[in-house]
Amino acid sequence: MLTINNARRPAADLGFLLHKRPGKAQSFSLPFGGAHVFYPEAGEDSCTAALLLEVDPIGLVRKTRGTRGDSHALAQYVNDRPYAASSFMSVAISRVFGSALNGKCKDRPDLVDTPLPLTARISVLPCRGGEPFLQRLFEPLGYKVEAERHRLDEKFPEWGESPYFTVTLSQEVRLMDLLTHIYVLVPVLDNDKHYWVTEDEIDKLLRRGEGWLDSHPDKEVIARRYFKHQRRLVRDFLARLVDETDDPDRALEEQAGEENDIEKKIGLKDLRLAEVVSAVQESGASSVLDLGCGEGMLLRELVKIRRLERIVGMDVSHLALERASSRLKMDRMSDKSLQRINLIQGSLMYRDKRLSGFDAACVIEVIEHLDPPRLRAFERVLFEFARPETIVITTPNVEYNSRFEDLPAGRLRHRDHRFEWTRKEFEDWANEVAGRHGYSAGFRPIGEIDPDLGPPTQMGVFQK
Ligand code: SAH
């Protein structure tokens, strides 16, 4: 059982937030059994809502038997599922208190963002790490944590302590945050190895962890336990956590400023676009990807190429895609044009079926935004899985930087650049990647060539 108490007048406002009227007890049918919501008290000064789970252990065994998760099934009829809070609690929260969890409140929208003096109490929470671990999880989020450990059996004190606690968390906090923290951290405390975690849990945790998980001192521990120690999921999750809290939109904002200013004086952007467009034309491609398309400058040129029947721009940044969409005037496009061009959100770090089956791909001024340890992942996504006939990649030539008067020595052209390569570094990388994946690489300079330093931008054209 989870109870949530609000101690601010009028305390029964809690009912609005939870979308459950205090006067009425309600029951819900869920995949693992049932859930009941009722209010043990609903006064002016104090109002408590209770979510009681009724887990059906026998039904669970039946449901999981013979399915793909066979070895992971709850093989025993005797287990702690019916009385301990577990991932089922999270399922119940999202199904029964979904609107509150997502911060929606039709009748009283003002309440959603109001921190309230809330106290949550979980009757039986498993925690093998003991009270210190509970504190490590909840205190960084601002909660006062009280935990009372239960004996294995009150009648046989010599059996000692159990790993179960009654836990009370209190703080002045928004209800949606409280629910989110419980939603994520209860499964973390539940060490049940049988719980089957899948890939889409990554997205779920990213979404639910937004705004707090990245700064939690124990985020690694949380991820490991949330994903039940499936190393690959943990790794992917942590990588994306960093990626997404890097805030692609902000990086983009800055990009628009700095780099353009530095390169503008030499009209580099237009030169680059022209070179890329001609490389695409020479390749004879009739379908093309623009990966890390940004605000759609290249896309706008690509749509002019008649031969291209299919054009897809991809970026991690929503903001960039919105701008690209308005630059391309997509809201005014005919259905026919809309079949030709498409914008998708995605990351170059992840294998993505939507990127298969294209003749050419352009990756313009993007690789230098990727963390070097993660370049490998990008290489595989593009050269091994997407595998277009032609790949065009451009990146700054760092040697040329000393020619930019406004750029202090040793500085990169943009704050979000993780590296900038010399000609040799880029060519070595390109040749190695090409060789490994069955491509050949050719190089072209972009912009005025300095006899010693080379061109400001370097371009590699890869052919399968
Ligand atoms: N190609 C565009 C934009 C270059 S700026 C141009 O030449 O104008 C770099 C772009 O790469 C940004 O829009 C950024 O959001 C995007 N980007 C950075 N990391 C990415 C990733 N992992 N996957 C996809 N796009 C990414």
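If you count the sequence shown from 1, position 244 lands on 244 in this note's numbering, and the numbers rise without skipping.
Just so you know, even glycine gets a beta-carbon here, dropped at the ideal spot from N, CA and C.
Does the beta-carbon of residue i, which I'm using as the reference point, lie nearer than 7 Å to any heavy atom of the ligand SAH?
| i | result |
| --- | --- |
| Ala320 | yes |
| Leu298 | yes |
| Asp352 | no |
| Asp236 | no |
| Ile311 | no |
| Glu379 | no |
| His369 | yes |
| Met459 | no |
| Ser278 | no |
| Leu116 | no |
| Asp315 | yes |
| Glu399 | no |
| Gly294 | yes |
| Val366 | yes |
| Ser325 | no |
| Leu412 | no |
| Met89 | no |
| Leu496 | In this structure the chain extends from 1 to 464, so residue 496 is not present and cannot be described. |
| Leu291 | yes |
Can you give me the C-alpha to C-alpha distance between residue i and residue j, rounded to a whole angstrom?
| i | j | result |
| --- | --- | --- |
| Ser162 | Pro187 | 18 Å |
| Thr394 | Lys329 | 26 Å |
| Ser283 | Asp200 | 37 Å |
| Ser27 | Ala324 | 47 Å |
| Gly454 | Arg403 | 11 Å |
| Val303 | Leu273 | 13 Å |
| Cys362 | Gly294 | 12 Å |
| Ile58 | His36 | 19 Å |
| Asp214 | Val167 | 24 Å |
| Val145 | Lys464 | 59 Å |
| Val381 | Arg149 | 49 Å |
| Leu152 | Phe165 | 11 Å |
| Tyr473 | Glu379 | Past the edges of the chain, shown from 1 to 464, lies residue 473, and the structure says nothing about it. |
| Arg415 | Gly296 | 21 Å |
| Gly442 | Asn191 | 53 Å |
| Val173 | Thr119 | 9 Å |
| Asp406 | Asp452 | 20 Å |
| Asp335 | Ala85 | 51 Å |
| Leu175 | Asp45 | 17 Å |
| Gly292 | Leu52 | 47 Å |
| Ile122 | Gln345 | 39 Å |
| Gly410 | His417 | 13 Å |
| Leu74 | Arg81 | Reliability of the predicted coordinates at Leu74 is poor, the pLDDT of 46 falling under 50, and the value obtained from them is presented with this limitation in mind. One C-alpha to the other measures close to 9 Å. |
| Leu355 | Met89 | 38 Å |
| Lys424 | Leu169 | 57 Å |
| Met1 | Val124 | 7 Å |
| Asn431 | Leu375 | 14 Å |
| His437 | Phe383 | 6 Å |
Let me confirm a value: residue i is counted as buried when at least 16 other C-beta atoms fall within 10 Å, else exposed. Which label applies?
| i | result |
| --- | --- |
| Ser87 | buried |
| Lys20 | buried |
| Pro31 | exposed |
| Glu368 | buried |
| Lys104 | exposed |
| Ala25 | exposed |
| Pro396 | buried |
| Val457 | Reading the sequence as shown, one finds Thr at residue 457 and not Val. Looking at its Cβ environment, which holds 16 or more other Cβ atoms inside 10 Å, Thr457 is buried. |
| Gly357 | exposed |
| Tyr83 | exposed |
| Arg108 | exposed |
| His318 | exposed |
| Glu408 | According to the sequence as given, residue 408 is Pro; it is not Glu. Exposed. |
| Ser347 | buried |
| Ser71 | Unreliable placement is indicated for Ser71, whose pLDDT of 45 sits below 50; the coordinate value is still reported in the next sentence. It counts as exposed. |
How close, in whole Å, do the beta carbons of residue i and residue j come, if the pair is a contact with beta carbons under 8 Å?
| i | j | result |
| --- | --- | --- |
| Ile262 | Arg413 | 5 Å |
| Lys219 | Leu241 | 7 Å |
| Val461 | Arg444 | 7 Å |
| Ile305 | Arg340 | Not a contact, Cβ separation roughly 11 Å. |
| Leu179 | Phe97 | 6 Å |
| Val276 | Leu298 | 6 Å |
| Ala49 | Ile93 | The pair is not a contact, with the Cβ atoms about 12 Å apart (cut-off 8 Å). |
| Ile446 | Met459 | 5 Å |
| Ala42 | Ala12 | 5 Å |
Just checking: is the beta-carbon of residue i within a distance shorter than 8 Å of some beta-carbon in chain D?
| i | result |
| --- | --- |
| His150 | Considering every chain present, this structure includes no chain D. It has just one protein chain. |
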